[in-house]
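These notes concern the structure reproduced below.
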């Protein structure tokens with residue numbers, strides 16, 4: 401992390417036509433894995449995550465010239481990635497014509513069948529518990545539990561107030577704890 | 108992002124969750140993150156081509172899209188007009204009800220005609236030879252006649268075109284013309300003297316002629332006599348008239 405270039409330096413280089421490609425490469429190196437895991441935890445399947453991470457960075461490339469420097473670059477990129485995830489999940493629901501509650505079961509099946517999940521039983525159970533949450537709570541929990549993100553940053557990404565996010569997170573954690581305690 | 112360890116105190120309130128290993132249970136294909144960067148860049152290039160060009164290399168002539176709507180509207184109007192024309196064709200009332208019967212009766216008539224034609228028979232291979240026979244009697248015969256006449260025409264042309272024939276013709280023509288001129292100039296008087304009228308009149312006595320004239324001559328005959336005398340013998344006639352007047 402220490403070798404990574406500061407966001408302000410990346411943005412400065414991106415403004416210059418000559419160093420634009422270099423700036424974007426730096427941006428890719430710095431955030432590709434973070435955004436990938438954020439997407440992967442939401443869509444579970446690697447191939448879906450692969451498509452969405454590429455779509456996310458294409459949008460970043462297109463919209464970066466219009467980026468307002470008063471916001472943080474990485475929260476802005478998380479917001480793009482989150483929107484891509486939500487759009488994808490909504491399309492999946494419409495395409496498979498499944499009720500909203502059954503999406504969690506669908507994703508849980510994907511998780512169980514996935515060749516790219518290497519967790520133990522407890523981790524699998526935790527992921528199944530997370531999949532029982534509504535999308536917003538899943539997002540909040542994942543960003544807090546896995547990325548240890550501040551509520552203010554989450555507020556920028558999700559466009560929700562800090563108080564509402566705190567409430568969502570506590571609801572989510574309680575549900576998960578209950579799930580982990582009540583099931584084998 | 109902040110240090111993860113520092114802000115995870117909330118986990119203490121959830122012992123079941125705290126027991127779960129916090130390491131990432133998800134994995135990716137080997138070398139995925141080494142390739143993803145290049146994949147994303149390629150994807151962006153492709154997307155840029157699609158966005159900037161939009162036509163993928165295809166082009167249209169200038170003002171194509173300005174004219175396109177007019178062309179489409181014109182085409183629609185033509186199609187509608189054609190459809191209206193197609194609809195405007197009508198048939199007599201009950202036409203299609205009787206059509207099948209008409210067609211069947213027409214077929215029956217054609218079949219009957221075909222059968223009646225078949226009733227007349229010709230010798231086997233007649234029509235194969237017919238053409239040849241007709242040609243031999245018409246075109247081929249004409250060819251033979253033409254070839255013969257063309258040969259004879261060659262002979263006649265040869266005769267007319269020979270130099271001896273030309274000289275002989277000229278000599279004959281000169282002889283005929285010369286004879287005609289000679290006879291006309293020399294034999295007029297002799298012919299008259301040798302004629303039957305002259306001989307008959309010579310045998311009649313002069314007195315008889317005088318008395319005939321006295322009996323039959325009138326005023327109108329004077330002129331005839333004068334004209335005749337001019338042609339015959341004017342001197343003798345004047346003498347005769349003088350003698351007649353003296354008497």
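Residue numbers (our numbering), protein chains in the order written: chain A, 401 to 584; chain B, 108 to 354. Quick reminder that beta carbons are idealized off the backbone N, C-alpha and C, glycines included. Just so you know, these numbers come straight off a predicted model, no measurement behind them.
Contact between the region 432–444 of chain A and the region 476–491 of chain A is present: three or more C-beta pairs spanning the two stretches fall below 8 angstroms.
Chain order gives the chain A residues near residue 124 of chain B as 526, 529, 545, 573, 576, 577 and 580, where near means a beta carbon separation below 9 angstroms.
Contact between residue 128 of chain B and residue 564 of chain A is ruled out by a C-beta separation of about 30 angstroms, above the 8 angstroms threshold. Between the C-alpha atoms of residue 452 of chain A and residue 184 of chain B there is a straight-line separation of about 48 angstroms.
One thing to note: residue 458 of chain A has its Cβ within 8 angstroms of the Cβ of residue 151 of chain B. Excluding its 5 nearest sequence neighbours in each direction, residue 472 of chain A has C-beta neighbours in its own chain below 8 angstroms: 407, 553 and 556, listed in chain order. By the beta-carbon neighbour count (other beta carbons within 10 angstroms, threshold 16), residue 424 of chain A is buried. Rounded to whole angstroms, the separation of the alpha carbons of residue 410 of chain A and residue 465 of chain A is 12 angstroms. In the assembly as shown, residue 247 of chain B is an exposed residue. Its beta-carbon has fewer than 16 other beta-carbons within 10 Å. One finds 425, 428, 429 and 432 in chain A with Cβ atoms closer than 8 angstroms to the Cβ of residue 144 of chain B, taken in chain order.
Look at the region 125–140 of chain B: the residues with a C-beta under 9 angstroms from a C-beta of chain A are 126, 127, 128, 129, 130, 131, 132, 133, 134, 135, 136, 139 and 140.
By alpha-carbon distance to residue 482 of chain A, the top candidate from A/426, A/546 and A/436 is A/436. Only 474 from the region 467–482 of chain A bring a Cβ to less than 8 angstroms from some Cβ of chain B. Counting only residues of its own chain and dropping the five nearest sequence neighbours on each side, residue 477 of chain A has a CB closer than 7 angstroms to the CB of 431, 435 and 460.
Where residue 241 of chain B is concerned, the enclosing alpha helix (DSSP H) starts and stops at 233–244.
Across the structure, residue 303 of chain B and residue 311 of chain B are spaced so that their CA atoms are roughly 13 angstroms apart. The C-beta of residue 233 of chain B has fewer than 16 other C-beta atoms within 10 Å across all chains shown, which makes the residue exposed. For residue 516 of chain A, the neighbours in chain B by C-beta distance under 9 angstroms run, in chain order, 133, 134, 135 and 136. Annotated as distal: residue 551 of chain A and residue 134 of chain B, with beta-carbon spacing of 8 angstroms or more.
Residue state for residue 467 of chain A is assigned as coil, using DSSP reduced to three classes. Below 8 angstroms, enough C-beta pairs join the region 563–582 of chain A and the region 531–546 of chain A to call them touching: three or more.
At the C-beta level, residue 561 of chain A and residue 537 of chain A stay beyond 8 angstroms of one another. Within chain B, no residue has its beta carbon less than 8 angstroms from that of residue 559 of chain A; the closest one is some 19 angstroms off. Any Cβ of chain B closer than 8 angstroms to the Cβ of residue 406 of chain A would place that residue at the interface, and such an atom is absent. For residue 553 of chain A, the enclosing alpha helix (DSSP H) has its first and last residue at 551–558.
At least one CB of chain B lies nearer than 8 angstroms to the CB of residue 519 of chain A.
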